[in-house]
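S.K.: Numbering (my numbering), first residue to last: 15 to 375.
The beta carbon of each residue, even a glycine, is placed where N, CA and C say it ideally should be.
This is the structure in structure tokens:
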């Protein structure tokens, strides 16, 4: 029997979010209903509200979530009611060309729930990243549920569902940071600080945080940055080179998503080094550079999709590190809020006042 819950929706481009009654159907084949315990406010949710993803309004926002499985549909054998899960937006198919080549973290045909959640008048909702977790309960594909240790606090664990995983994975999975590496991270919001944490976990010995905001540079130190560079005061490329013996960093992670900061990342790396783009650019952004520079610098230029993560592998591993005290997920939680405060959280995020606001149900 379908259930009615309260959720946060975006009706139109740029319009303030609203709290509405959401109809959540019983799970169909391969689906699960999850009672959401906590959900982080991610910049991607703001992109949805601003029409920056697509125009399939109204959206049911929220996707960085942890909760408890309430019910499952036919054919679901790896989940049962009561399982504590982190929701993910990469439910791998196992049959696409990436999966068949043994690269499921690139899965090109990920799953979402087949049935729509709706408003009470029957209007179908588009769930953010196929999740829609700014609601008391949500309907997802069972593959979007990753079981983890239930002792992990949901407000911290849920953040692995998107931004924190994207940042850690950009360092560990995409950038292949390893012991002894030098790493620079440009942009020290939630994703950038997570990249710094990932570089520290991987054993980087020099981790350089770059930002325009001294508050964010102070945050970066808490996650493992050994040096900071305020881009308002110095030339970023020269500063990174000076801190790395004049050579540049082995891996530079760009967590802003702008042409000018990507160029800084490119020129701040060592010869044959790696640039990782994890910041999300807008469709109108363009990059113009001498082609010879790409050839003469060598190395790798990579884009990181969701930290190139495999949720079934990475979420439990990172929760283990969290419980061992080796990954401070709690430090990413700037404030705990109610669903009615999501609009205010967007404003704080836009002004750089928070790492993460987390909606707690």
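1) May I ask which residues mark the beginning and end of the beta strand (DSSP E) holding residue 98?
2) Quick one: residues in its chain with C-beta nearer than 8 Å to the C-beta of residue 137, no 5 flanking neighbours on either side, listed in chain order?
3) Report the residue from 283, 345 and 299 whose alpha carbon sits nearest the alpha carbon of residue 273.
4) Just to confirm the assignment, what range does the beta strand (DSSP E) spanning residue 315 have?
5) Return the chain-ordered list of same chain residues with a C-beta closer than 7 Å to the C-beta of residue 341, the five sequence neighbours on each side being excluded.
6) Could you spell out where the alpha helix (DSSP H) holding residue 274 opens and where it closes?
7) Starting from residue 3, follow the beta strand (DSSP E) in both directions and report where the run begins and ends.
8) Where does residue 221 sit, in a helix, a strand or coil, going by DSSP?
9) Using only alpha-carbon positions, find the residue among 282, 231 and 23 that is nearest to residue 249.
10) Can you check DSSP and say which residues form a bridge with residue 268?
11) Contact defined as beta carbons within less than 8 Å: I believe residue 149 pairs with residue 259. What is the distance between those atoms, to the nearest angstrom?
12) Could you check what DSSP says for residue 17 in three-state terms: helix, strand or coil?
13) Between the Cα of residue 204 and the Cα atoms of 78, 130 and 64, which residue gives the shortest distance?
14) Check each candidate in 227, 279, 99 and 75 and name the one with the smallest Cα separation from residue 162.
15) Please classify residue 122: does DSSP put it in a helix, a strand, or coil?
16) Looking at the strands, I want to know which residues DSSP matches up with residue 240.
17) So, under 8 Å CB-CB, residue 3 and residue 156 are touching, yes? Tell me the CB distance rounded to an integer number of Å.
18) Where do the N-terminal and C-terminal ends of the beta strand (DSSP E) with residue 155 fall, by residue?
19) Where does residue 108 land, buried or exposed, given buried means 16+ other C-beta within 10 angstroms?
M.R.: Inspection of the coordinates gives the following:
1) Here the beta strand (DSSP E) through residue 98 covers 98–101.
2) Result list for residue 137: 72, in chain order.
3) Closest by alpha carbon: 299.
4) In the DSSP assignment, residue 315 falls within the unbroken beta strand (DSSP E) covering 314–317.
5) The answer, listed in chain order, is 211, 215, 332 and 335.
6) Annotation: the continuous alpha helix (DSSP H) that includes residue 274 extends over 273–281.
7) With the chain running from 15 to 375 in the structure shown, residue 3 is simply not present.
8) DSSP places residue 221 in strand when its eight states are reduced to three.
9) Nearest option by C-alpha distance: 282.
10) Residue pairing of residue 268 in beta bridges, as defined by DSSP: 200 and 291.
11) That pair is no contact at about 52 Å.
12) DSSP places residue 17 in the strand class (E or B) of the three-state scheme.
13) Out of 78, 130 and 64, 78 has the C-alpha closest to the C-alpha of residue 204.
14) Here the closest residue by C-alpha is 99.
15) DSSP places residue 122 in coil when its eight states are reduced to three.
16) Answer by DSSP bridge pairing: none, since residue 240 is not bridged.
17) Residue 3 lies beyond the stretch modelled for the chain, which goes from 15 to 375, so this question has no answer here.
18) It spans 151–155 - the beta strand (DSSP E) in which residue 155 sits, taken as one unbroken run.
19) Exposed, since its Cβ has fewer than 16 Cβ neighbours within 10 Å.
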